[in-house]
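Read the structure below first, then the notes.
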Amino acid sequence: MIKYLLVFVAIIGIGYIFLPFVMEFSTPTKLNPLATSYVQGSVNELNMPNVVTAIVVTYRGLDTLGEVTVLFLATAGVGFLLKRKHDMVNHRRKCSEILCTGASLLTPLIVLFGVYIFAHGHLSPGGGFQGGVVIASGFLLLVMANISFHFSHNLIHFSESISGFIYVLLGLAGLVLLGANSFLDPRYLPAGKWLDIVSTGAVPIIYSIIGIKGGSELCSVIDSLQHGGTEL
Amino acid sequence: MMVLICGLLLMLIGIWAMLIKKNIIRIIIGFSILDTGTHLVIVAIGYVKHATAPIVDKAVNISQNAEGGIQVLGKVVDPVPSALVLTAIVIGLAVTALLLSFAVRLYKVGNSLNINDYEELKW
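Chains A and B, in that order, give the protein sequences. Going by numbering that gives the first Met the number 0, the first residue of the first sequence is number 0, and it counts up by one from there. Going by numbering that gives the first Met the number 0, the first residue of the second sequence is number 0, and it counts up by one from there.
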């Protein structure tokens with residue numbers, strides 16, 4: 000009983016912390032100066048229509064690098080907690096007709112859609128992380144449909160580490176080619192035409208690398224969770 | 000404004016579930032709800048009245064200024080919170096997977112998902 004009371008007090012307290020924030024909040028009617036300069040800079044300096052991508056990849060690129068690291072750490076934690084054995088037996092039953100047929104039809108389309116999302120991240124809504132998650136969901140469908148499907152560990156680890164390495168290298172290329180204070184600056188490649196898929200410097204390459212990185216990380220999570228249920 | 004309040008309510012519900020539920024899976028669901036509420040709050044902070052997504056295309060008014068640069072006239076929402084939420088969603092997914100694998104591990108070791116059965120950290 001005392002526990003419920005304490006939880007109640009805690010919830011009320013947290014709600015009370017939020018109260019002044021809600022009371023004084025009013026939806027702004029115009030953009031603040033920082034966001035305005037980001038929008039203008041994305042359009043004029045980087046030639047990029049999607050301002051969110053400009054922030055994620057370029058202006059706050061270091062944050063994204065850190066985030067990829069956090070993703071890697073979480074994946075490594077999952078892999079560490081759910082170690083797999085090689086000679087494990089599979090207790091799952093065979094997939095139903097609908098799932099099997101649907102998976103064989105949809106998996107290539109989902110993976111292709113994921114590639115489309117991260118390749119067009121600088122032009123339209125989308126980007127590396129979203130594309131990677133979509134690709135991983137396609138592989139999840141494949142795993143659910145086929146009992147005998149196994150990820151190649153070497154391939155996953157190779158694509159994971161090589162894409163992370165290339166990401167850092169692309170960031171360092173900006174530092175080397177454009178001088179100091181330009182880590183992850185994509186402008187060492189030509190800006191290209193407005194709304195062209197090969198434009199905005201190195202951003203499509205960086206975002207594709209992030210997409211491959213995120214996709215392979217999540218595939219390795221799926222792999223660990225798939226095999227983790229059968230042994231200690 | 001509505002989105003902000005809903006997000007804060009979701010955060011409170013998530014914290015409540017994390018504190019009061021006994022089943023580890025439900026605690027993880029509570030964490031997920033807290034995560035989603037935080038995302039809603041961050042997105043609501045970045046919203047600008049009657050604005051569109053921060054993607055400069057036909058839906059946004061633009062004009063050429065004197066130096067040949069493009070001036071964005073139409074209203075767009077603040078892109079910084081959107082970018083933050085974009086990354087936070089993926090991190091939330093990875094952290095949820097990590098929590099679930101902890102749950103799997105705990106179930107194998109202690110053969111129970113009830114949080115009361117694990118008394119090592121109790122005082």
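Glycine is no exception: its CB is placed at the ideal position from the N, C-alpha and C atoms.
Expected contact under 8 Å - CB spacing of L3(B) and V40(B) to nearest Å: 6 Å
Relative to chain B, which residues along the segment 89-107 of chain A have a C-beta separation below 9 Å, given in chain order? none
What did DSSP end up calling S62(B) once you bin it into helix, strand or coil? strand
Let me make sure I understand the geometry here. Which of V133(A), L224(A), D222(A) and P185(A) has the alpha-carbon closest to that of L61(A)? P185(A)
I want to verify the contact list: residues of chain A whose CB lies under 7 Å from the CB of M1(B), in sequence order. Correct list: empty, because the minimum Cβ distance to chain A is about 10 Å.
Does the segment 117-137 of chain A come close enough to the segment 64-84 of chain B to have 3 or more Cβ pairs within less than 8 Å? no
Measure the Cβ-Cβ separation of A50(B) and V75(B) and say whether it is below 8 Å. yes
8 Å Cβ shell around L231(A) - same chain, five flanking residues per side excluded: Here L231(A) scores only 45 on pLDDT, less than 50, and its place in the model should not be relied on; the value that follows carries that caveat. Around L231(A): no qualifying Cβ.
Looking at C-alpha atoms only, which residue of S147(A), L70(A) and Y187(A) is the closest neighbour of V91(A)? First, the residue type needs correcting, since residue 91(A) is Arg and not Val in the sequence shown. If we check each option's Cα against that of R91(A), S147(A) comes out closest.
Hey, would you say Y206(A) sits closer than 8 Å to G113(A), going by beta carbons? no
Do you know how far the Cα of D34(B) is from the Cα of F150(A)? 30 Å
Compare the C-beta of L64(A) with all C-beta atoms of chain D and state if any pair is closer than 8 Å. The chain inventory of the structure shown lacks chain D, comprising the protein chains A and B.
In chain order, what are the residue ranges of uninterrupted alpha helix (DSSP H) at least 4 long that sit wholly in the segment 27-115 of chain A? 32-43 and 60-80
As a quick exercise: from Y3(A), E159(A) and I13(A), pick the residue whose alpha carbon is nearest that of F71(A). E159(A)
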